[in-house]
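Asks: Below is one structure. I have some questions about it.
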Amino acid sequence: MAAEPKKRKPIVEIKEFKQYFNAGKKSEVRAVKDVSFSIYEGETFGLVGESGSGKSTTGRALIKLGDLTGGQITYKGQDISGIKRRKDLLKFRKSMQMIFQDPYASLNPRLTVKEIIGGALKVHGMSENSKERTERVYELLESVGLNRQFANRYPKEFSGGQCQRVGIARALAVEPDFIICDEAISALDVSIQAQVINLLIELKESNNLTYLFIAHDLSMVKYISDRIGVMNNGRILEVCEADELYIAPLHPYTESLLSAIPTPDPETERSRVRTEYDPAYHHYDDLDNVRLHEIAPEHYIYCHKDEVALYRKKREKLLKKAKQYA
Amino acid sequence: MEDRTILEVNDLAISFQTFEGVVQAVRGVNFSLKKGETLAIVGESGSGKSVSTKAINRLLPKKNTIIESGEILFEGRDLLTVSEKEMQKVRGNDIAMIFQDPMTSLNPTMQVGKQIAEPVMKHKGVSKEKAKQRALELMDLVGIKEPTKKYKHYPHQFSGGMRQRVMIAIALACEPKILIADEPTTALDVTIQAQILDLMNKLKKELDTSIIFITHDLGVVAQMADRVAVMYAGQIVEIGTADEIFYNPMHPYTWGLLASMPTLDVGQTDLYTIPGSPPNLLNPPEGDAFAARNEYALEIDFHKEPDLFKITDTHFAKTWLLHPSAPSVTPPNEVVRRKEKYESLQSGKSQAIRVGGEAIGSRT
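Chains as they are written, first to last, in the working numbering: chain A, -16 to 309; chain B, 3 to 366.
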C-alpha cells in the first residue's frame, strides 16, 4: 500500500480550514478550528473522530455544501471558493461526488431508481436520449451488484444495503474522480457492511477513484484506508499511514480512541487496559508554535514545537516494540 | 456466579399482524438465564432479538402481536399468562430494561432526578424524601457528578452518555434481578461506550444482577458476555459460552459474522462477506432459513430444518454440518485462526495442570 511518497500528487489540499456557524453571534459554534491535510491521487484517506469532532463538516465544506469561514481548500490545484459560475460548479460536482450516511433519507422516495440515477446523467448532459440513459442506468446497477429489473422500483422497496448500493450507483453515474463517503456504512448491518466495503474497494480499483472515508468505526476505517486523520474538537490531531496509526499511535487522544474499540476476541477483552484522554492536554498557552508537526515522514502530530523530540522518541520505542512481537 | 436459573424461555414463537400478512418474527426460541450471568443475544436487524426480549417484559403492542406458542418462566410463573396488574409489579421492579436511544426513552418535561425516584416510590412504597435520597445515591453510583445539582436538570441538559447513565440509574433503582439492555451503547461514541460498558460490568459485580445484552456488535459481546446466543431469522442458531462462540463457532452464520469483521491486525488483505440479505419472514423459506446465503449449505438444508446439535454441555448449534454423516468443510480463514487459538487455549489449560503436576512430582 505504501507507494513511494515522493511521487504522489495531491488531489485535495486543505490548509488551515476553519468553519464557524453563526459566526459573531452569541450562539457561535466553532465546528472546525484548524484542519490541514492533503489527499493524494488514488488513495483512500480515512477521517475518524467522535461525533461533534467536525469530520462531517470538513467533508461537506470540501464538496462546497457551505462556505468556509477561513482557510483554503484546493481541488486539483484550483481554489474551490473561486468556483462560482453554474457551469464551473457543475464541472466541479461532476468530478466530486458524495455517498451519505442514511441510505433512505438520501434518496428521493417519489422517484424510481431509474429516475434517481438517470437524473444525475441528465443534469450533466451525459446521455443523448432516454434510451441511452436507461442502458447506462442498467450498467451502473449491475456494477454495484443490483439486478437491472430493480430500475423501476422505488427506494422503499429496497433493504438498507440495497439502498446504499443505489446511492453508490448514483455517485458513480457521473464518472467522478473523487468520492466522499460520509459514514456510508454506519447504518448497515454487520454482514452487509462487509459487502459494501468490498464493493467500494472493487470500484476504486476499476474506476481509478480517490476516497475520503469519514467514519467513527476505527476497524473498518483501518481496513479500507491508506492514510488516516484523527479529529477531535475541531482539530486534526494525528495524520499518518493506516498501519502505523495502529502500531505507533502517538497522540494521547489516538491512544484513548484505540483503547476503546472493542474487539471480537474475549481473551483480548479480558486483559484490556483503557487509557482516558484529558482534553486539557491540548490547551496550549503559547499558540504560536502549536501546529501539525512532522514527526516522521508522513506522520504528523498536532503539538507544540518543543514536544516534537518527545514524540519522535515515543515513535521509535513503539516501532521497536512492534518489531519484537512480529 | 451461582448455578441457579432465574429465567427460562421455552419454545417462544411470536408473529405480527401487518398489512401484508403475518410476519413470523420469532420462531421457536429457547434459552435460560442464570443468576449473575450476562447472556448476549446477537443478530442482524429483524432477527427477532428485540422482540424476544420485549416479550419477557410484555412490552409488545397488544393490537397486532400474536403469541403463537411458548412460555416465559420467571420465579415459577409464566409471564405470558399473568395479569397486567401483576406484570406491572414485575416490570421495572424485578425485570428492568435499558433502551437504545436515551433521548426518546426519557421524559423530556420531567427532572431527571424525579424520573429516577419515581420507580422507587412506585415499587418500594417509600416516602418522597427517601426516594430522593435513593435517587441521589444511584446518580452517584452511575458516575453522575454533583448529583444534588444535576437532580433538577432536564434530559436535554445532558449529553448522550450522561443520559444513558440516567437510564441505567432508573433501571437499577429497584435492584432488579434481571436487566435487559437493548443496544444500550449503539448510539454512543466508542470512548463513551467504553465507559458505559465498564460501568455495567462493575454494577453487575456489585449487585449480582443477571443481564440480557442485545447487540449487533461482536466486539461489545466479547467484552460483556458470559454466554452468547446468535439469532438469525427468528431463531437461535448457535448458543454457547463466549469462548465457545468466539473461538470454536460451529454454525456457518456465526463464521460469516466473525469473518466479516475487520481486525486491528496489521496487513489484513481480505474481508469475508456473507452474500445476499436476510429472508423475508412473511413467508420464511423451507428448510434452513440461512441456506440461501450459505456457501456451506447441503442439499438437505433446502428441505428440512436442522436440529439443534449438542457440541458440549453448554454449546449447541442448529446446522446439518454437525450431523455425523455430513461432509467435513473448511471454514473461512479467520475462523480457522480462531479455532487454532481455541485449541491452544484448551491445551494451555491442560498444560498448566501438567506443569503443576510436574512441580509437585519434582518436590517429592
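A virtual CB, placed ideally from N, CA and C, is assigned to each residue, including glycine.
1. Can you grab the Cα-Cα spacing for the pair I184 (chain A) / A177 (chain A), in whole Å?
2. CA-CA distance, K288 (chain A) and L220 (chain A)?
3. To the nearest angstrom, how far is it from the Cα of T211 (chain B) to the Cα of K126 (chain B)?
4. What three-state label does DSSP hand K65 (chain B) in the structure shown?
5. Taking P264 (chain B) as the query, report the chain A residues whose CB atoms sit under 7 Å from its CB, ordered along the chain.
6. S47 (chain B) touches chain A at which residues, Cβ-Cβ below 7 Å?
7. Taking only three categories from DSSP, how would you classify A171 (chain B)?
8. What residue ranges within the region 73 to 149 of chain A form continuous beta strand (DSSP E) runs of no fewer than 3 residues, ordered along the chain?
9. Does the Cβ-Cβ distance between T187 (chain B) and I180 (chain B) come in under 8 Å?
10. Is I214 (chain B) closer than 8 Å to L35 (chain B) when the C-beta atoms are compared?
11. Would you report the Cα separation of M105 (chain B) and R298 (chain A), rounded to the nearest angstrom?
12. Use the C-beta contact count for V168 (chain B): other C-beta atoms within 10 angstroms, 16 or more gives buried, fewer gives exposed.
13. Name the chain B residues that come within less than 9 Å of E(-1) (chain A), Cβ to Cβ?
14. For chain A, is any of its Cβ atoms less than 8 Å away from the one on A354 (chain B)?
15. Assuming R229 (chain B) is part of the beta strand (DSSP E), what are its boundary residues?
16. Hey, how far is the Cα of E70 (chain B) from the Cα of G108 (chain A)?
17. Counting only runs of 4+ residues fully inside the region 12 to 56 of chain A, write out the alpha helix (DSSP H) ranges in chain order.
18. By DSSP's criteria, H276 (chain A) is part of a beta bridge. Which residues make up the other side?
19. Check V144 (chain B) in the structure and name its three-state DSSP category.
20. For my contact list, A299 (chain B) and P281 (chain B) are in at a C-beta cut-off of 8 Å; report their separation, rounded to the angstrom.
21. Sort B:E77, B:N335, B:N285, B:L310 by Cα distance to M263 (chain B) and report the nearest one.
22. Check the Cβ of Q439 (chain B) against every Cβ in chain A and list those closer than 7 Å, keeping chain order.
23. Is there at least one Cβ from chain A nearer than 8 Å to V168 (chain B)'s Cβ?
24. So does the region 59 to 68 of chain A actually touch the region 240 to 253 of chain A, counting three or more Cβ pairs closer than 8 Å?
25. Going by alpha carbons, who is nearest to R210 (chain A) out of A:M203, A:A198, A:E224?
26. According to a CB-to-CB cut-off of less than 9 Å, which residues of the region 193 to 205 of chain B neighbour chain A?
27. Going residue by residue through the region 52 to 137 of chain B, where are the continuous alpha helix (DSSP H) segments of at least 4 residues, counting only ones entirely within it?
28. With a cut-off of 8 Å on the beta carbons, I'd call G217 (chain A) and V15 (chain A) a contact; round off their distance for me.
29. Kindly indicate if chain A contains any beta-carbon less than 8 Å away from that of V222 (chain B).
30. For the alpha helix (DSSP H) containing P254 (chain B), list its first residue and its last residue.
31. Please identify, using Cβ separations under 7 Å, the residues of the region 152 to 163 of chain B that lie next to chain A, in order along the chain.
32. Within the 8 Å Cβ cut-off, does D142 (chain B) reach chain A?
33. Pull up the distance between the alpha-carbon of M112 (chain B) and that of T193 (chain B), whole angstroms please.
34. What residues in the region 33 to 55 of chain A have a beta carbon less than 7 Å from any beta carbon of chain E?
35. Please go through the region 154 to 226 of chain B and give each complete beta strand (DSSP E) segment of 3 or more residues, from N-terminal end onward.
36. Measure the alpha-carbon distance for A148 (chain A) versus M81 (chain A) and round it to whole angstroms.
Replies: On the basis of the supplied data:
1. 11 Å
2. 14 Å
3. 18 Å
4. coil
5. S202, M203, K205, Y206
6. D172
7. helix
8. 79 to 82
9. no
10. yes
11. 42 Å
12. buried
13. Ordered by position in chain B, no residue passes the 9 Å Cβ test against E(-1) (chain A), which lies about 26 Å from the chain.
14. Bear in mind that the predicted position of A354 (chain B) carries a pLDDT of just 45, short of 50, making it unreliable; the figure below should be weighed with that in mind. No, A354 (chain B) lies away from the interface with chain A (no Cβ there is under 8 Å from its Cβ).
15. 229 to 234
16. 57 Å
17. 38 to 45
18. A:I284
19. coil
20. With 8 Å as the limit, A299 (chain B) and P281 (chain B) do not qualify as a contact, their Cβ atoms being about 13 Å apart.
21. B:N335
22. This structure cannot settle anything about residue 439 (chain B), because the visible part of chain B is limited to 3 through 366.
23. no
24. no
25. A:E224
26. T193, I194, Q195, A196, Q197, L199, D200
27. 86 to 92, 114 to 126
28. 5 Å
29. yes
30. 254 to 261
31. none
32. no
33. 28 Å
34. The chain labelled as chain E is not found among the protein chains of the depicted structure, namely A and B.
35. 180 to 184, 212 to 217
36. First, the residue type needs correcting, since residue 148 (chain A) is Arg and not Ala in the sequence shown. Those two C-alpha atoms are separated by around 13 Å.
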